[in-house]
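In this note's numbering, the protein residues as written are 567 to 804. Below is one structure, written out as structure tokens; the observations come after it.
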């Protein structure tokens, strides 16, 4: 399975100092967006915590935190760090209605097999949130990413766009804020020069050059560092 391969590769290879810095900076940007939208508060459920960067942010803010992680080895690492982690496949979400103030999902919805699965998962997020609670979602931008979206990860089954995801959130009852677009960890004017470079990098021409010159590994590194994505916050009405 892809998820086992990812966990084993991370454990074997670790990450570079630059990669760790970039990951922390990215999660800082996501957390800042959640704070700005009044969503970073109360009891938190994270679905798909991965390496646990957001979990550490919640711990630093003294927010009660629970996670659902499909991969047992990733879950065990988080448990070793003292976090409450359930090994489950979603949907459904195995908690009672109104259990949380925030449900966070980073780099998760794009792995849903179909839009029906994505819709069901979002409906479950709405169910387990208390009135006034929020869902925090970060996903790759399938439009700005172009052919990068299916190329680098074979488990990318559901191509997210901001408009498409807003439709899904509204259909299950959320009030939706505007999307915040990121390029890597950069947003606002800082991301614009990177987006201009991205028009070339995320093109068929760049893949032809990389394949011809044996530079695909470097193209992947660029993609992992400056992946175009967006963040949406949906609020369950009071």
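Positions of the beta carbon are idealized from the N, C-alpha and C atoms, including for glycine. What you are looking at is a predicted structure, and each value in this text was computed from that prediction instead of being measured.
Annotated as distal: residue 745 and residue 701, with beta-carbon spacing of 8 Å or more.
Bounds of any alpha helix (DSSP H) do not take in residue 649, whose DSSP letter is neither H nor E. By the Cβ test, the stretch 777 to 788 is not in contact with the stretch 720 to 728, since fewer than three Cβ pairs between them sit closer than 8 Å. For the pair residue 762 and residue 613, the Cα-to-Cα distance works out to about 33 Å. For residue 667, the uninterrupted beta strand (DSSP E) run begins and ends at 666 to 672, by DSSP. Exposed is the label assigned to residue 662, since fewer than 16 other Cβ atoms lie within 10 Å of its Cβ. Inter-residue distance for residue 750 and residue 697 is about 32 Å (C-alpha atoms, whole angstroms).
Residue 656 sits buried, since 16 or more C-beta atoms from the chains shown fall within 10 Å of its C-beta. A straight-line Cα-Cα distance of about 33 Å links residue 616 and residue 771. CA-CA distance, residue 593 to residue 710, rounds to 20 Å. DSSP, read as helix, strand or coil, puts residue 755 in helix. One Cα belongs to residue 625, the other to residue 676, and the distance between them is close to 27 Å.
A straight-line Cα-Cα distance of about 22 Å links residue 638 and residue 683.
Considering only 622, 604, 774, 628, the residue with the shortest C-alpha distance to residue 713 is 774. For secondary structure counted as the beta strand (DSSP E) over 3 or more consecutive residues, the stretch 606 to 658 holds these complete runs in sequence order: 610 to 613, 631 to 634, 650 to 652. Of the candidates 680, 632, 620, the residue whose Cα lies closest to the Cα of residue 660 is 632. The C-alpha of residue 680 is placed about 16 Å away from the C-alpha of residue 715. Judged by DSSP in its simplified three-state form, residue 709 adopts helix.
DSSP places residue 603 outside both helix and strand once states are collapsed to three, so it counts as coil.
The three-state reading of DSSP puts residue 801 in strand, counting E and B together. As the crow flies, the alpha-carbon of residue 651 is around 26 Å from that of residue 795.
Taking the Cα of residue 785 as reference, the smallest distance to any Cα among 764, 801, 708 is reached at 764.
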